[in-house]
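If you're matching positions, the sequence shown starts at 1 in full-length UniProt numbering and goes up one per residue.
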Amino acid sequence: MADFDDPVTKCKACCCCGCCVGWLVTFIVLIATSLRTLDQGQFGMKFLHWSQTITGEPMTEPGVKSVGPLNNLVRYPSVFQMVYFDDFENYEQQEHEVVKPLVHSRTYDGLQVYVRVSFQWKLEAQHIKSIYEILGGAEDLLFDRRTEDKPSFVESLVRFARGALTQVCSQYTASQFFGNQTLVEAKMRETLQATFNQPEKGLVISIQGLQLRSVDLPSKYEAAIAETQKQEQDYQTAMAERATNRMKLDSELMQAEKKQEELLVDAQGNVRAIMEENRAWVEQYTNFQKKQAQSYAAVLRALNSSSDPYGALFELMRQKALKAHNPDKVTLSM
């Protein structure tokens, strides 16, 4: 049995205990430095300390991850992010948002233009390996912390976006910015999507939407454009009123022509009716006169034996007229 009162034995026991404690502390430290936490809303890649590279497959599920002693995680956002090129007043930084100064460019016709624009972007897990080679990790976006010897993910992304938007601004005139912002907005969205969708270079970031919020042109030009547009609007209004009045007059003319045709048809019908009525009346009157003449001729033949046949005939006619005379009238019908 060992004699624990012996100094040599005590020394050996202390050395043994010290080694055990040392190895235990070392083991605990190694375990502690091997574990990293991946938060909700994040992607992660294992970062090797000694080789300064990433390895393995993207981590998409939150939780505690074992990455090995001294190794770390490179993190990226897995949810939609917003970038604003704007100058909000009293703005307070919000999660998942980045605010940068307005896009400053020149129009196709050489005027300065300041553009307020925002867009939404999102990373896909299968592309973050290649994105790391171009933009590095996104810790400065997630934790507002940038490693001095590494590029800023946010600044690189904003620089690419600003370059694309500046290029689009130079392709349109000031009047197009002022009069057709929808066209400019569509071109900005198309160009931005093309800029961040270059799989051959390893850069694939999904651009889900873009909003052209406002455009600031020189004040004198904006006033002149506003006046021009007002005059154009007045001209369009006058032309619309002219077209309306012309349609109204054309309609009235058509109605008048139709009424004239109807009156002409009615008049022609009346003429035919009157002509037919006159013809019948003349025919009837002529027949009546013929018959009366024949009767008078017969009476005249009967009076040939008298000394004055015509006088006798006229006397008979006078007597007949007097019998048929209406006392209310002053003329006689023969």
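For glycine and all other residues, C-beta sits at the position ideal for the given N, C-alpha and C.
Rounded separation between residue i and residue j - CA only
i: residue 213; j: residue 258; result: 57 Å
i: residue 274; j: residue 317; result: 33 Å
i: residue 51; j: residue 89; result: 45 Å
i: residue 44; j: residue 138; result: 10 Å
i: residue 293; j: residue 306; result: 20 Å
i: residue 65; j: residue 133; result: 22 Å
i: residue 189; j: residue 118; result: 10 Å
i: residue 228; j: residue 235; result: 10 Å
i: residue 219; j: residue 209; result: 29 Å
i: residue 73; j: residue 177; result: 45 Å
i: residue 172; j: residue 186; result: 12 Å
i: residue 164; j: residue 252; result: 58 Å
Residue i, DSSP secondary structure in three states
i: residue 37; result: strand
i: residue 266; result: helix
i: residue 48; result: strand
i: residue 251; result: helix
i: residue 217; result: coil
i: residue 309; result: helix
i: residue 205; result: coil
i: residue 1; result: Note that residue 1 has pLDDT 48, beneath the 50 cutoff, so the model's placement of it is unreliable and no number is given.
i: residue 198; result: strand
i: residue 43; result: strand
i: residue 211; result: strand
Residue i Cβ short of 7 Å to the ligand MN heavy atom set
i: residue 310; result: Judged by which ligands are present, the structure shown has none, so any question about the ligand MN falls away.
Residue i vs residue j beta-carbon contact at 8 Å
i: residue 191; j: residue 168; result: yes
i: residue 161; j: residue 99; result: no
i: residue 111; j: residue 87; result: no
i: residue 40; j: residue 77; result: no
i: residue 113; j: residue 250; result: no
Nonlocal neighbours in the same chain, by C-beta distance under 7 Å from residue i, ignoring five residues either side
i: residue 153; result: 135, 136, 137, 138, 140 and 141
Cβ neighbours of residue i in the same chain (closer than 6 Å, five flanking residues each side left out)
i: residue 145; result: 139
i: residue 196; result: 205 and 207
i: residue 56; result: 46
Below-8 Å beta-carbon distance, residue i vs any chain D residue
i: residue 241; result: No chain D is part of this structure, which consists of one protein chain only.
Can you give, in chain order, each stretch of the alpha helix (DSSP H) that sits fully within the stretch 61-141 and has at least 4 residues?
128-135
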